[in-house]
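The next block holds one structure in the form of structure tokens; read it before the comments.
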Amino acid sequence: LKSAGIITLLTDFGVSDPYVGIMKGVILSINPTARIIDITHRVRHGHITEAAFCLADSYHFFPKATTHVVVVDPGVGGKRRPILIATSDYAFVGPDNGLFEPVFQNYAIFEVFHLTKPEYFLPDMSGTFHGRDIFAPVSSHLSLGIAPSKMGPRIDDPVRLKLPRYDLTDDTLIGQVIRVDHFGNLITSLRREEINQFLGEASPVINIAGVILKKIHRTYAEVPESEMLALFDSVGRLEIAVNMGRAGDRLQSVSGNIRGASVVVSKGTTLSK
Amino acid sequence: LKSAGIITLLTDFGVSDPYVGIMKGVILSINPTARIIDITHRVRHGHITEAAFCLADSYHFFPKATTHVVVVDPGVGGKRRPILIATSDYAFVGPDNGLFEPVFQNYAIFEVFHLTKPEYFLPDMSGTFHGRDIFAPVSSHLSLGIAPSKMGPRIDDPVRLKLPRYDLTDDTLIGQVIRVDHFGNLITSLRREEINQFLGEASPVINIAGVILKKIHRTYAEVPESEMLALFDSVGRLEIAVNMGRAGDRLQSVSGNIRGASVVVSKGTTLSK
Amino acid sequence: LKSAGIITLLTDFGVSDPYVGIMKGVILSINPTARIIDITHRVRHGHITEAAFCLADSYHFFPKATTHVVVVDPGVGGKRRPILIATSDYAFVGPDNGLFEPVFQNYAIFEVFHLTKPEYFLPDMSGTFHGRDIFAPVSSHLSLGIAPSKMGPRIDDPVRLKLPRYDLTDDTLIGQVIRVDHFGNLITSLRREEINQFLGEASPVINIAGVILKKIHRTYAEVPESEMLALFDSVGRLEIAVNMGRAGDRLQSVSGNIRGASVVVSKGTTLSK
Numbered sequence: 703l704k705s706a707g708i709i710t711l712l713t714d715f716g717v718s719d720p721y722v723g724i725m726k727g728v729i730l731s732i733n734p735t736a737r738i739i740d741i742t743h744r745v746r747h748g749h750i751t752e753a754a755f756c757l758a759d760s761y762h763f764f765p766k767a768t769t770h771v772v773v774v775d776p777g778v779g780g781k782r783r784p785i786l787i788a789t790s791d792y793a794f795v796g797p798d799n800g801l802f803e804p805v806f807q808n809y810a811i812f813e814v815f816h817l818t819k820p821e822y823f824l825p826d827m828s829g830t831f832h833g834r835d836i837f838a839p840v841s842s843h844l845s846l847g848i849a850p851s852k853m854g855p856r857i858d859d860p861v862r863l864k865l866p867r868y869d870l871t872d873d874t875l876i877g878q879v880i881r882v883d884h885f886g887n888l889i890t891s892l893r894r895e896e897i898n899q900f901l902g903e904a905s906p907v908i909n910i911a912g913v914i915l916k917k918i919h920r921t922y923a924e925v926p927e928s929e930m931l932a933l934f935d936s937v938g939r940l941e942i943a944v945n946m947g948r949a950g951d952r953l954q955s956v957s958g959n960i961r962g963a964s965v966v967v968s969k970g971t972t973l974s975k
Numbered sequence: 703l704k705s706a707g708i709i710t711l712l713t714d715f716g717v718s719d720p721y722v723g724i725m726k727g728v729i730l731s732i733n734p735t736a737r738i739i740d741i742t743h744r745v746r747h748g749h750i751t752e753a754a755f756c757l758a759d760s761y762h763f764f765p766k767a768t769t770h771v772v773v774v775d776p777g778v779g780g781k782r783r784p785i786l787i788a789t790s791d792y793a794f795v796g797p798d799n800g801l802f803e804p805v806f807q808n809y810a811i812f813e814v815f816h817l818t819k820p821e822y823f824l825p826d827m828s829g830t831f832h833g834r835d836i837f838a839p840v841s842s843h844l845s846l847g848i849a850p851s852k853m854g855p856r857i858d859d860p861v862r863l864k865l866p867r868y869d870l871t872d873d874t875l876i877g878q879v880i881r882v883d884h885f886g887n888l889i890t891s892l893r894r895e896e897i898n899q900f901l902g903e904a905s906p907v908i909n910i911a912g913v914i915l916k917k918i919h920r921t922y923a924e925v926p927e928s929e930m931l932a933l934f935d936s937v938g939r940l941e942i943a944v945n946m947g948r949a950g951d952r953l954q955s956v957s958g959n960i961r962g963a964s965v966v967v968s969k970g971t972t973l974s975k
Numbered sequence: 703l704k705s706a707g708i709i710t711l712l713t714d715f716g717v718s719d720p721y722v723g724i725m726k727g728v729i730l731s732i733n734p735t736a737r738i739i740d741i742t743h744r745v746r747h748g749h750i751t752e753a754a755f756c757l758a759d760s761y762h763f764f765p766k767a768t769t770h771v772v773v774v775d776p777g778v779g780g781k782r783r784p785i786l787i788a789t790s791d792y793a794f795v796g797p798d799n800g801l802f803e804p805v806f807q808n809y810a811i812f813e814v815f816h817l818t819k820p821e822y823f824l825p826d827m828s829g830t831f832h833g834r835d836i837f838a839p840v841s842s843h844l845s846l847g848i849a850p851s852k853m854g855p856r857i858d859d860p861v862r863l864k865l866p867r868y869d870l871t872d873d874t875l876i877g878q879v880i881r882v883d884h885f886g887n888l889i890t891s892l893r894r895e896e897i898n899q900f901l902g903e904a905s906p907v908i909n910i911a912g913v914i915l916k917k918i919h920r921t922y923a924e925v926p927e928s929e930m931l932a933l934f935d936s937v938g939r940l941e942i943a944v945n946m947g948r949a950g951d952r953l954q955s956v957s958g959n960i961r962g963a964s965v966v967v968s969k970g971t972t973l974s975k
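Chains as they are written, first to last, in the working numbering: chain A, 703 to 975; chain B, 703 to 975; chain C, 703 to 975.
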């Protein structure tokens with residue numbers, strides 16, 4: 703897979719410090735023609751699961767051969783390994799702490815390399831900023847065409863992450879709120895496929911923090927302003943929203959922390975086709 | 703107008719979610735050489751007027767043939783049309799909800815096209831994220847040289863927006879606070895031209911939330927630290943500021959919501975030339 | 703020094719307004735091939751010292767011949783001079799208010815030019831936004847190969863800044879908290895070199911807002927979760943952190959404003975090698 707020269711960055715570094723800019727400087731110092739795109743730097747500090755979902759929802763919209771650098775790295779400087787993952791479509795670079803679980807789930811074939819070759823790192827290694835010292839320079843060397851296999855030995859035991867998805871019983875399909883987005887929409891772990899399969903020809907009954915919703919809409923504008931609704935979001939996840947409002951704020955006041963809260967789907971009346 | 707390959711993004715998507723990064727991935731997947739510049743993603747949620755002013759103050763600083771993508775889209779997935787506007791200098795892409803009013807006001811000649819050709823969209827359309835599904839891919843196809851007229855039929859009835867500007871009586875010129883910027887400066891709808899014309903040779907008396915200012919300065923440093931002043935901002939709008947301080951915070955505590963508040967200019971003593 | 707065509711931006715403009723996007727539009731209008739990288743736009747409003755430290759920690763990670771534009775400019779429109787600094791490695795552009803002190807300290811040889819030639823500015827100058835009117839266009843003309851000496855006369859008296867560094871007595875080495883980063887880590891003015899030299903073979907005793915720390919660690923993970931520690935950050939500054947927590951929030955509640963607070967290093971027991 704020949705590099706596209708495009709490198710994305712997804713971190714919990716925020717945008718108030720020079721950290722992200724420094725990573726870009728390191729990348730351009732190695733490959734001045736690399737093109738760098740920010741996915742987001744506002745993952746909550748140390749939230750590996752949040753970063754994994756963010757990666758899952760975005761990486762496949764980029765050109766083939768893009769390198770995705772993901773740095774949410776609470777174990778920086780400790781024993782966790784720095785890794786590179788090569789698939790048929792993309793390369794991924796970051797710490798081996800479960801961040802890349804969606805990649806492992808989506809690809810039948812992938813190779814994982816333990817980044818051990820200091821010639822592809824910055825010369826002066828810190829114990830606190832491997833985004834700068836390892837992941838940025840490795841991604842940039844990759845973009846110049848260095849083969850992943852030159853960067854370190856292949857490994858077969860990358861850290862796997864249990865991502866919240868769904869629990870299925872005869873009567874209920876239970877998921878979780880995985881993120882509250884900028885608009886206050888609740889993004890859940892339940893996907894269109896499993897919901898449709900679970901419901902069959904029954905109508906949905908969705909319970910989120912005690913609020914009951916009986917329909918899955920297609921767009922916000924299908925309900926009156928300020929009304930809560932369920933719909934599938936732009937990547938097929940069940941989303942709870944308020945038309946022109948903030949579902950997160952409203953449910954937060956009912957239930958305390960809405961992040962991680964359960965969303966329970968059960969079967970209503972059977973729909974006639 | 704041959705595309706410059708430069709695409710700007712102006713949205714209310716914030717920077718915490720992967721949404722903006724995803725739009726960039728879609729653009730680069732179609733035209734890997736496109737250059738993408740963020741104007742801002744922090745327009746307040748759904749505030750079409752705020753976005754329109756933001757566009758008005760920025761689009762003309764870009765190279766000719768830049769494509770400006772603006773997505774503040776409370777009606778996403780509903781009946782509002784996706785449109786493309788071509789002028790002699792720039793192209794504009796976004797929802798037909800009034801966002802582009804400044805373009806309609808500034809250009810005598812422009813063409814508006816209703817984006818109807820799915821071959822220029824992403825194959826899987828969502829009901830909630832047309833920034834990704836329509837506006838990003840259309841802007842990228844444009845940057846490859848596809849003619850606007852290929853993207854859909856020309857229309858003559860784009861949605862127009864009543865932008866706050868000014869009300870003029872014999873004794874007063876009344877405008878509105880349209881934005882509070884990062885520095886706490888109040889940006890108003892009144893422009894240098896109409897103020898100068900209104901005042902003639904009279905000195906200004908400006909009333910903002912009960913505070914009276916009797917001079918229009920050229921720079922912040924012309925008044926002592928912490929003192930409030932009026933001046934023309936960098937695009938010629940009347941601005942209320944505090945030297946080294948935050949006018950918005952100070953007036954907010956006096957008047958409640960300062961956004962949308964009136965600013966009243968009346969005539970003081972006649973100046974001798 | 704031939705320009706690399708890379709221009710970085712470091713400002714206190716925030717990311718809610720179109721100001722940064724406008725600067726990029728101006729740069730690209732002059733040199734459409736310039737590559738623009740954000741360092742940060744979240745320096746606190748008017749904090750020249752904070753911007754100077756931010757510049758000090760980041761500029762040298764960029765390719766040689768990068769132009770660094772720094773705009774924290776409380777005196778905009780007043781008497782402070784716009785300047786350009788040329789060193790053997792980089793160019794720097796911004797207001798003459800002390801921002802570039804780290805450059806003056808790090809380079810034995812540098813040239814400073816007073817930007818006086820309006821042909822390299824925007825035609826319509828404002829009194830409030832020289833980032834757009836002077837610094838962006840000058841940086842872009844530089845990237846096209848215009849010699850610094852053409853931009854204005856050389857000057858020998860740029861404004862110097864007293865940056866907090868350290869006070870040394872026989873018994874103590876005293877520094878200051880210069881920044882609280884996105885993770886709540888306290889970044890101090892004390893550097894590894896002077897601490898090691900001061901301590902010699904003694905163990906460290908660090909006092910920050912009454913909390914005593916007796917070791918300087920290499921990584922966060924060397925202490926249990928939620929425990930406070932001292933370590934050297936990724937550019938060699940003494941940093942006070944909490945493993946998986948926020949040192950700034952914890953010490954803020956003890957001491958009020960932790961920014962600018964003293965950090966006192968004294969000598970503990972002598973270590974045997």
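Glycine included, every Cβ here is placed at the ideal spot set by N, Cα and C.
Since this is a predicted model, take the numbers as computed values, not measurements.
Endpoints, the alpha helix (DSSP H) within which C:Thr751 is located: Ile750 to Ser760
CB contact check: A:Pro804 to chain B, cutoff 8 Å: no
Nearest-angstrom Cα separation, counted from A:Leu875 out to A:Glu869: Here the sequence assigns Asp to residue 869 of chain A, which means Glu is not the residue at that position. Approximately 6 Å between the Cα atoms of the pair.
CB of C:Ala923 within 8 Å of CB of C:Asn887, strictly: no
DSSP three-state assignment for C:Val773, whether helix, strand or coil: strand
Cα-Cα separation between A:Cys756 and B:Thr713, rounded to whole angstroms: 19 Å
Neighbourhood of B:Val778 by C-beta, 8 Å cutoff - its chain only, sequence neighbours within 5 removed: Pro797, Gly829, Thr830, Phe831 and His832
Chain-ordered neighbours of B:His884 on chain C, where CB pairs are closer than 9 Å: Asp714, Phe715, Gly716, Val717, Ser718, Asp719, Tyr721, His743 and His747
Cβ pair B:Gly727, A:Phe763 closer than 8 Å: yes
Rounded C-alpha distance that separates A:Val805 from A:Ile787: 9 Å
Residues that C:Tyr822 contacts on chain D, provided the C-beta gap is smaller than 8 Å: Among the protein chains in the structure shown, which are A, B and C, there is no chain D.
Where A:Arg834 meets chain C, residues with beta-carbon distance less than 9 Å: Phe763 and Ser936
Run of the beta strand (DSSP E) containing A:Lys726, from where it starts to where it stops: Not the beta strand (DSSP E): A:Lys726 falls in the alpha helix (DSSP H), residues Tyr721 to Ile732.
Rounded straight-line distance, which links the Cα of C:Asp883 to that of C:Leu953: 14 Å
Ordered list of alpha helix (DSSP H) runs contained in the segment 822-859 of chain A, each at least 4 residues: 838-845
Nonlocal neighbours in the same chain, by C-beta distance under 8 Å from A:Arg737, ignoring five residues either side: Gly707, Ile708 and Ile709
Limits of the alpha helix (DSSP H) - the one that B:Glu941 falls within: Segment Arg939 to Val944 is the beta strand (DSSP E) holding B:Glu941; no alpha helix (DSSP H) there.
Residues, ordered as in the chain, of the segment 725-740 of chain A that lie near chain C by beta-carbon distance below 7 Å: Lys726, Gly727, Val728, Leu730, Ser731 and Pro734
With 16 other Cβ atoms within 10 Å as the buried cut-off, status of C:Arg881: buried
Separation of B:Phe812 from A:Asp791, as counted between CA atoms: 42 Å
Residues of the segment 783-798 of chain C with Cβ closer than 7 Å to any Cβ of chain B, in chain order: none
Cβ-heavy atom distance, A:Ser845 to the ligand ZN, below 7 Å: In the structure on display, the ligand ZN does not appear, and there are no ligands present to speak of.
Contacts of C:Ala778 in chain B (Cβ-Cβ under 9 Å): Reading the sequence as shown, one finds Val at residue 778 of chain C and not Ala. Near C:Val778 (Cβ distances below 9 Å), the residues of chain B are Thr921, Tyr922 and Ala923.
Endpoints, beta strand (DSSP E) assigned at C:Phe794: Ala793 to Pro797
Per-residue contacts from C:Met930 into chain A (C-beta, under 7 Å): Correct list: empty, because the minimum Cβ distance to chain A is about 15 Å.
Within-8 Å CB hit, C:Ala838 to chain A: no
Under 8 Å by beta carbon: chain B residues contacting A:Leu933: Gly829 and Thr830
Straight-line Cα distance separating C:Ala754 from C:Leu865: 8 Å
Three-state secondary structure (DSSP) of C:Ala963: coil
Residue range of the unbroken alpha helix (DSSP H) whose run includes B:Glu925: The amino acid occupying residue 925 of chain B in the given sequence is Val; Glu does not appear at that position. Neither: B:Val925 is in no alpha helix (DSSP H) and is coded neither H nor E.
Pair within 8 Å by beta-carbon distance, C:Val967 and C:Ile897: yes
Check whether C:Gly780 and C:Lys819 have beta carbons under 8 Å apart: no
Minimum Cβ-Cβ distance from B:Thr751 to chain C less than 8 Å: no
Inter-residue Cα distance where the pair is A:Ser964 and B:Met827: 28 Å
Other residues of its chain near B:His919: CB distance less than 6 Å, five sequence neighbours each side excluded: Leu931 and Leu933
Option nearest C:Arg893 by Cα separation, candidates C:Phe794, C:Ile942, C:Val840 and C:Val771: C:Ile942
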